[in-house]
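Below is one structure, written out as structure tokens, with a few remarks after it.
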Amino acid sequence: MSVTTAPSARLEPGQIVCPYCLEIVVYDERALHVRNEKSQYERLDTSGLTNPLRRADVLRGAFQLCRNTEGISQHYIPVPYLTHGRPLTVAMVGTSGTGKSHLLTQMVAEITDGCLAPFGVRWQSVNPADHSVFLKERVAPLRAGEQLEATGQTPFAEFVEALLLTGADGQVRPVAFFDLGGEDLVRTDALLRFLVGVDALVFVVDPLLACGLPQLDEPRERYRLRVSRSDPAFETVLDRLPRQGAYLDVATALVVGKADLLRFEPPVDRWLSRPSTAPFDPRAVREESRDVYAFLRHHAAPAWLRPFDSALRCTLHFASATGGQPTNGRFPHGVRSRRVLGPLLSILAMCGLLTEDPAHRPSTMGM
Ligand SMILES: Nc1nc2c(ncn2[C@@H]2O[C@H](COP(=O)(O)OP(=O)(O)OP(=O)(O)O)[C@@H](O)[C@H]2O)c(=O)[nH]1
Ligand SMILES: [Mg+2]
Ligand SMILES: [Zn+2]
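The numbers in the sequence shown follow the working numbering, run straight up by one, and end at 367.
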């Protein structure tokens, strides 16, 4: 029985939920805008766009003004997000410093490196200008060994990157990633309203906060951290989301991040050294989920597993975004991610993007 219905459940063909205010939006050429060099939005008059190639190119970089501004500031949605099928929104969850931004950056970097191709998934950007900013400001510095800055607080929760993914069945879906700072994720006001319409969640467990293992004491002291019984961002987000009866019906991945810190610890060592191989293997995902579950049961307080206990569909993963610890804001030995694609593949599988035949889309997956 449904207690609260997610907005996407009420949609008719052609309708999309605004990723920001959750009102239903229909593509409307009279509300289009383009961004000028000063990053201001200007009205776009499409009546003169008679050349089909130029028209397609202009629309690819255009935005639609969302008509709803009740309790929320004026916002614009990229046109390709509205014109390529049902979007999939993904939010990173975890308290400040757990490694959400590094993990997301490496996931996107692997997608744009073509790592989803063996799984039958192709990509294109949703907005070419925003995508190139993401590559320039996040992917390139991180790959050059620079640590990314903490995500600051924001008055408006915007997705940081969005890609058009063509699934194995040939269907295109816009996939948008939200990456808020940990401090914003514990807010209970309108800023986090977008979470109510989110399709997938990636909960990032920081082993420095979750696991009392003695080999983590040295880095824990260096960062002045303490082992905690739970993550406040997990709690707030889980509390905010609508449920299907007792459970959240949102594709969920729980990731033990910074797994390089645990690389000598069985079974983490075994998983970290395994490359992700195509085709997608649900059995291997179940095995890894079981190992992560057992690992957290043994080394962390029970509340760290709450996302798994709360979600109908949840897989568990070990991943390292950087492959090692930073020193003075840099990764002196370079940055080498491990298994960052695993949680993303699992979410894409849960949302049907890895299945060639739509009739065989998985409705449930996980343990
Ligand atoms: N050892 C190790 N450190 C990591 C890894 N990923 C991130 N870090 C470090 O963890 C710290 C926080 O990383 P962020 O990605 O900024 O964390 P965040 O969750 O986005 O934090 P907020 O934006 O403040 O919410 C930084 O010092 C990173 O260098 C990893 O895979 N391994
Ligand atoms: Mg961040
Ligand atoms: Zn809106």
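Don't be surprised by glycine CBs; every beta carbon is placed ideally from N, CA and C.
Endpoints, the alpha helix (DSSP H) within which residue i is located
i: residue 221; result: 217 to 222
i: residue 121; result: Residue 121 -> no alpha helix (DSSP H), and no H or E assigned at all.
i: residue 111; result: 100 to 112
i: residue 134; result: 128 to 134
i: residue 293; result: 282 to 299
i: residue 348; result: 341 to 350
i: residue 233; result: 232 to 240
i: residue 268; result: 268 to 272
Contact under 9 Å by Cβ, residue i with residue j
i: residue 241; j: residue 305; result: no
i: residue 188; j: residue 236; result: yes
i: residue 194; j: residue 20; result: yes
i: residue 285; j: residue 319; result: no
i: residue 349; j: residue 282; result: yes
i: residue 174; j: residue 126; result: yes
i: residue 88; j: residue 314; result: no
i: residue 225; j: residue 97; result: yes
i: residue 210; j: residue 256; result: yes
i: residue 344; j: residue 205; result: no
i: residue 216; j: residue 261; result: yes
i: residue 22; j: residue 65; result: no
i: residue 78; j: residue 62; result: yes
i: residue 219; j: residue 164; result: no
i: residue 118; j: residue 13; result: no
i: residue 146; j: residue 337; result: no
i: residue 55; j: residue 69; result: no
i: residue 177; j: residue 82; result: no
i: residue 258; j: residue 301; result: no
i: residue 120; j: residue 167; result: yes
i: residue 347; j: residue 200; result: yes
i: residue 85; j: residue 171; result: yes
i: residue 231; j: residue 327; result: no
Given residue i as reference, the closest of the options once Cα atoms are compared
i: residue 59; options: 68, 22, 28; result: 28
i: residue 161; options: 130, 261, 227, 267; result: 130
i: residue 243; options: 33, 338, 307; result: 307
i: residue 148; options: 155, 102, 119; result: 102
i: residue 317; options: 279, 336, 268, 303; result: 268
i: residue 292; options: 310, 311, 270; result: 270
i: residue 355; options: 229, 68, 169; result: 169
i: residue 391; options: 328, 312, 156; result: This structure gives no information on residue 391, because the portion of the chain shown stretches from 1 to 367.
i: residue 251; options: 90, 48, 142; result: 90
i: residue 71; options: 192, 309, 258; result: 192
i: residue 208; options: 197, 229, 272, 199; result: 229
i: residue 353; options: 123, 324, 277, 234; result: 123
i: residue 330; options: 137, 143, 128, 121; result: 143
heavy atom of ligand 3 below 8 Å from residue i C-beta
i: residue 90; result: no
Bridge partner(s) assigned by DSSP for residue i
i: residue 308; result: For residue 308, which the question treats as bridged, DSSP gives no partner whatsoever.
i: residue 369; result: Because residue 369 is not part of the residues shown, which for the chain are 1 to 367, the question remains open.
i: residue 330; result: 146, 327
i: residue 252; result: 201, 314
i: residue 77; result: 64
i: residue 338; result: 320
Any non-hydrogen atom of ligand 2 closer than 8 Å to residue i Cβ
i: residue 179; result: yes
i: residue 150; result: yes
i: residue 101; result: yes
Any non-hydrogen atom of ligand 1 closer than 8 Å to residue i Cβ
i: residue 291; result: no
i: residue 204; result: yes
i: residue 183; result: yes
i: residue 307; result: no
i: residue 212; result: no
i: residue 98; result: yes
i: residue 215; result: no
i: residue 320; result: yes
i: residue 38; result: no
i: residue 95; result: yes
i: residue 201; result: no
i: residue 267; result: no
i: residue 147; result: yes
i: residue 334; result: no
For residue i, the first and last residue of its enclosing beta strand (DSSP E)
i: residue 175; result: 172 to 178
i: residue 32; result: 32 to 35
i: residue 203; result: 200 to 205
i: residue 161; result: 161 to 166
i: residue 89; result: 88 to 93
i: residue 315; result: 314 to 318
i: residue 117; result: Here residue 117 belongs to no beta strand (DSSP E), and DSSP marks it neither H nor E.
i: residue 65; result: 63 to 65
i: residue 247; result: Careful: residue 247 lies outside any beta strand (DSSP E) and carries neither H nor E.
i: residue 25; result: 24 to 26
i: residue 17; result: 15 to 17
Lining residues of ligand 4 - beta-carbon closer than 6 Å to any non-hydrogen atom, in sequence order: This structure does not include ligand 4; its bound ligands are ligand 1, ligand 2 and ligand 3.
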